[in-house]
Structures are given as structure tokens and as C-alpha cells.
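Shown next, in C-alpha cells, is the structure this report addresses.
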């Protein structure tokens with residue numbers, strides 16, 4: 002599980018003084034980039050001409066986040082099939098136990114040369130399998 006810290010800033014807030022729901026998508030995306038950079042997956046996939054394309058996002062909001070709170074986005078690969086994978090992300094306060102939101106992001110592997118989603122196999126599959134989080 003990879004951890005990305007994010008501090009809530011004033012421009013993240015809505016009229017009610019808490020983080021706007023759309024901003025969570027940006028927090029999650031920032032953490033996915035950091036996750037793949039940290040695992041060197043981003044580098045490998047970019048050099049291979051492959052890209053991750055998000056096809057579905059399911060997010061549950063559990064608690065509002067407020068100005069100056071320190072958040073941590075926990076990111077890991079939850080599941081892997083032949084055509085797609087799911088990344089699970091959980092945003093907590095920096096105490097790591099207070100859950101702010103949780104999301105499952107489904108993505109496909111897109112081949113830029115073929116201009117289509119492809120089967121996840123070979124080295125790409127091995128890399129993603131190594132990122133799978135153990136189930137409890």
C-alpha cells in the first residue's frame with residue numbers, strides 16, 4: 002500500500018467550508034500518479050507505449066475534510082482480470098484511522114499504437130500482479 006500525503010488548502014473548499022466532492026477525484030489521481038512513480042510502473046508503461054485509462058470510478062464519502070487538515074491517500078491494486086484492474090484508494094486523516102472517503106477505480110490498459118484497450122498479459126500483467134495487495 003502506497004501513502005500520499007495531501008494538505009487541505011482553501012482552494013479545495015466549497016461554500017460549506019469543506020472539501021468539494023470533485024476535489025477528491027483530483028486527490029485520488031495525484032495519489033495514483035505518485036503510486037505508479039514509486040513502483041517504477043509509470044516509467045515502464047510509458048516506455049512501452051501503454052497507458053492506464055480509467056473506465057469507472059465508485060467513491061463513497063464518509064466524513065468531510067476541512068481547511069488545514071492533513072490527509073493521507075492509501076493506494077493499492079485490489080484486483081486484476083484479463084481486461085481490467087481495480088485500484089482501491091482510501092483517504093484518511095493523518096491519524097490513519099479516520100476514513101474520509103474510499104474509492105474503487107477500474108482501469109484498462111490502452112495501447113496507443115493500436116488505439117484500443119488490450120488484454121493485460123505478459124510483462125504488464127507481471128508488474129500489476131506484483132502490486133496486488135494481499136486480501137484479508
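In the numbering used here, the protein residues as written are 2 to 137.
Cβ coordinates follow ideal geometry from the N, Cα and C atoms, glycine included.
Check                                                                                                                                                             : Outcome
Quick check on the DSSP output: what are the complete beta strand (DSSP E) runs of length 3 or more inside the stretch 46–120, in order along the chain?          : 51–62, 71–81, 86–94, 100–112 and 117–119
Out of 52, 71, 33 and 32, which has the shortest C-alpha to C-alpha gap to residue 9?                                                                             : 71
Tell me which residues share the same chain as residue 102 and place their Cβ nearer than 7 Å to its Cβ, disregarding the 5 neighbours each side in the sequence. : 25, 60, 61, 62, 63 and 92
Flag this pair as yes or no: are the beta carbons of residue 53 and residue 85 separated by less than 8 Å?                                                        : no
Here's the rule: buried if 16 or more other CB atoms are within 10 angstroms of the residue's CB, otherwise exposed. What is residue 115?                         : exposed
Comparing alpha-carbon positions, which option in 21, 46 and 4 lies nearest residue 67?                                                                           : 21
Between the alpha carbons of residue 39 and residue 75, how many angstroms are there, rounded?                                                                    : 13 Å
With DSSP as the reference, please indicate the residues paired to residue 19 in a beta bridge.                                                                   : 67
Among all the DSSP beta bridges, which residues are the ones paired with residue 6?                                                                               : 73
So residue 65 and residue 19 are in contact, right, with Cβ under 8 Å, and what is the actual spacing, rounded?                                                   : 4 Å
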